[in-house]
Amino acid sequence: MAATRSNIFPRSSRQHPLATEVNEHLNRLRASKEASTSSSSISHKLNGFQDLKIGEAEIVSEVGKYMSCRKVSKKTIHKVLGNLKVIQRKNTVSPSETVSMLKEIEAVACSMFEDLLSLISEPKPGSWLSVSKLLHQRRIACEDVGRNVNEFEKVDVALKSFRITKSEIINLEMQNQLKDLELFI
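Numbering-wise (full-length UniProt numbering), the sequence shown opens with residue 1 and increments by one.
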């Protein structure tokens with residue numbers, strides 16, 4: 001069946017002058033509403049961006065603190081390892097030296113257990129130092145460099161890269177290294 005057009009109510013191609021004026025006012029109102037919504041959206045996004053920058057600065061600061069603590073820890077560990085090598089070379093340790101070494105070992109062991117228990121009971125943002133104290137020097141092969149590195153060294157490298165470049169790829173790599181460290185522990 002063919003469609004037919006009815007011309008009972010012919011449409012005028014011209015609108016009433018007031019209707020045109022009303023449409024213009026409506027369009028202006030819509031445009032101003034969109035502009036205000038857009039400016040509030042931009043303002044909200046700028047506030048979010050500022051919060052993000054502040055958070056990033058805090059993270060970079062914490063990474064710097066962590067890296068300096070790791071540096072001090074590494075120096076101390078190397079010093080202790082050197083002292084142990086000297087003691088092993090002597091092979092003649094007096095009983096008083098043995099007793100003092102055992103007391104130091106006891107103090108370190110108590111400190112480690114205290115750190116471990118506090119880490120388990122109340123995880124804190126600064127618990128990295130506790131974790132680093134408790135980690136044994138189990139070494140694994142590194143595919144990138146061809147040398148043995150532990151999980152903490154991998155995390156250190158990822159954090160240094162993040163601190164310098166702050167890129168998304170480094171961020172993802174750092175998250176993967178932290179997951180590996182968590183599995184390692």
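The beta carbon of each residue, even a glycine, is placed where N, CA and C say it ideally should be.
Run the CB neighbour count on residue i, radius 10 Å, all protein chains shown included, and call it buried at 16 or more, exposed below.
| i | result |
| --- | --- |
| residue 154 | buried |
| residue 15 | exposed |
| residue 177 | buried |
I'd like the list of long-range same chain contacts for residue i, defined as Cβ closer than 6 Å, with 5 residues on each side in sequence excluded.
| i | result |
| --- | --- |
| residue 61 | none |
| residue 58 | none |
Please look up how many angstroms separate the CB atoms of residue i and residue j, rounded, as I've assumed it's under 8 Å.
| i | j | result |
| --- | --- | --- |
| residue 156 | residue 70 | 6 Å |
Please say whether residue j and residue i have beta carbons closer to each other than 9 Å?
| i | j | result |
| --- | --- | --- |
| residue 67 | residue 87 | no |
Which residues in the same chain have their Cβ closer than 8 Å to the Cβ of residue i, if we skip the five residues on either side of it in sequence?
| i | result |
| --- | --- |
| residue 52 | none |
| residue 26 | none |
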